[in-house]
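In this note's numbering, the protein residues as written are 2 to 108.
Even glycine gets a Cβ: it sits at the ideal position worked out from N, Cα and C.
Just so you know, these numbers come straight off a predicted model, no measurement behind them.
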């Protein structure tokens with residue numbers, strides 16, 4: 002019995018003209034994105050700090066009542082002042098962010 006040798010030849014098209022070109026695009030520095038992120042981070046941090054200062058003020062108020070000490074009254078006023086400053090920072094960053102978005106929308 003004879004065996005036949007079978008060879009397969011595949012023809013690949015020569016696609017010199019249609020080569021796939023992969024290019025990496027460089028990300029460009031966009032100051033608007035940086036500014037938006039700074040404003041967003043400032044707003045979040047100031048809200049968190051306002052909350053923590055509020056908890057501290059409530060704790061100092063409780064200690065002031067429990068001990069009748071002037072020290073806790075001073076600490077409470079300090080915490081309330083920090084709350085006011087950080088909440089003002091939140092409102093300021095929200096106002097700046099809103100004004101930038103209004104400028105971009107061209108109202």
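With at least 16 other beta carbons inside 10 angstroms of its own, residue 87 counts as buried. Pairing residue 33 with residue 96, the inter-Cα distance amounts to about 16 Å.
Sorting 42, 91, 92, 74 by C-alpha distance to the C-alpha of residue 57 places 74 at the top.
Between residue 91 and residue 42, the gap from beta carbon to beta carbon reaches 9 Å or more.
Residue 40 holds the alpha-carbon nearest to the alpha-carbon of residue 93 among 25, 40, 77.
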